[in-house]
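Numbering (the numbering used here), first residue to last: 50 to 215.
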Amino acid sequence: MAPTVTRRAWYNDEAIRVRVSNINFARQMDGYQVCAANLLPVNYDQIRRSRVAFASGSTSLSDTDRQLLDNIAEFVMADSTVERIFVDGHSDRIGSRITNRALSEERAKVVADYLRSKGISSDMITVRAHGDQYPVSSRPADNRRTTIRLQRQGEATDLQQASGGG
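Printed below as a string of structure tokens:
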């Protein structure tokens, strides 16, 4: 009996069945499993711009945040074309500007320190703190964040893109 793989189609709920020849199947399956085991958990497009959210006044990373940062670190360690990691801390507008700037800086440092603890070189990481400037939403929770942006060799920076440079 031939092995059968059944999956839902990506375009609708139709079941797609694929029958695989059982001739030399075990050898091919072993090769597939070795290949699959060596894949990274994420690709560049999935993590090139990432976000860690924080509770009000907090600088603590959640387990979900740590998993995201673990994936980023693993990817960066495996991809030698990533040359910079920009870590930008932000806050909501609750509190004074001075307090919010300090809080956003601490958030960015917590994220950067975690990446360093996973083997990322300090030379790759640029930490910036923006306080309550650059809100992305009128909802305070959306603005309590640290963004992580990866840059590969040859990619234009945000400033170069904004000015039309390359």
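Idealized CB from N, CA, C, for every residue including glycine.
Proximity of residue i and residue j at Cβ, strictly below 9 Å
i      : j      : result
Asp128 : Arg198 : no
Arg100 : Thr195 : yes
Glu63  : Thr108 : no
Tyr93  : Val54  : no
Leu152 : Gly106 : yes
According to DSSP, residues forming a beta bridge with residue i
i      : result
Leu152 : DSSP, once it has assigned bridges, lists no residue as partnering Leu152.
Val54  : Val67
Gln200 : Arg133
Arg177 : Asp137
Supposed close pair residue i, residue j - CB separation, criterion 8 Å
i      : j      : result
Arg193 : Phe103 : 4 Å
Tyr163 : Leu118 : 5 Å
Ala157 : Ala178 : 6 Å
Ser140 : Gly168 : Ser140 to Gly168, Cβ: 29 Å. No contact.
Phe135 : Gln200 : 7 Å
Closest residue to residue i among the options (Cα-Cα distance)
i      : options                           : result
Pro52  : Val69, Gly168 and Asn61           : Val69
Arg133 : Met173, Ile72 and Pro184          : Met173
Val67  : Arg57, Arg76 and Ala75            : Arg57
Pro184 : Val176, Ile143, Ser170 and Gln200 : Ile143
Arg150 : Val176, Arg165, Ser170 and Arg188 : Val176
Val91  : Gln77, Gln116 and Ile72           : Gln116
Exposed unless 16 or more other CB atoms sit within 10 angstroms - verdict on residue i
i      : result
Ile121 : buried
Ala190 : exposed
Asp79  : exposed
Ser111 : exposed
Val159 : buried
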